[in-house]
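Each remark here refers to the structure printed beneath this line.
Residue numbers (the numbering used here): 1 to 89.
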């Protein structure tokens with residue numbers, strides 16, 4: 001019953017575009033690029049904000065090479081998700 005409430009809620013309509021992006025081919029490329037960039041940035045001796053900027057630049061360049069344009073917010077969300085994934089390990 002909670003799933004039905006969620007689908008009918010305003011939150012669902014807010015999240016739907018993000019879900020579509022992440023389930024598509026571009027989303028798969030974004031996830032792979034984010035994990036790779038975050039892992040590489042984590043190896044450097046720099047402040048967290050510098051790591052985030054480096055990861056963002058790396059992801060953007062990787063996606064551009066593949067001909068994929070992605071919103072800044074989606075890239076930032078992918079960075080956060082990759083960081084959380086790394087912390088799980």
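Think of the CB as a built atom: it goes at the ideal place given N, C-alpha and C, for glycine as much as any other residue. Note that the coordinates shown come from a computational prediction; the quantities given were computed from them, not determined experimentally.
Please return the same chain residues whose Cβ sits closer than 7 Å to the Cβ of residue 52, not counting the five positions on each side in sequence. Reading the chain shown from its first residue, position 52 is the one you call residue 52. So the list reads 79, once near-sequence residues are dropped.
Same chain, Cβ closer than 7 Å to residue 31, five either side skipped, listed in chain order: Your numbering for residue 31 matches position 31 in the chain shown. Once the five neighbours on either side are set aside, the close Cβ partners of residue 31 are 78.
I'd like to know whether the C-beta atoms of residue 38 and residue 26 end up nearer to each other than 8 Å. Along the chain shown, read from residue 1 onward, the residue named residue 38 stands at position 38. Along the chain shown, read from residue 1 onward, the residue named residue 26 stands at position 26. Between residue 38 and residue 26, the C-beta gap is not smaller than 8 Å, which leaves the two residues out of contact.
Starting from residue 86 and walking both ways along the alpha helix (DSSP H), at which residues does that stretch end? Against the chain shown, residue 86 aligns to sequence position 86. Membership of residue 86 in the alpha helix (DSSP H) is indicated by the continuous run 72-88.
By the three-class DSSP mapping on this structure, what secondary structure does residue 68 have? Walking along the chain shown from the start, residue 68 turns up at place 68. In the structure shown, residue 68 sits in coil (DSSP, three-state: anything other than H, G, I, E or B).
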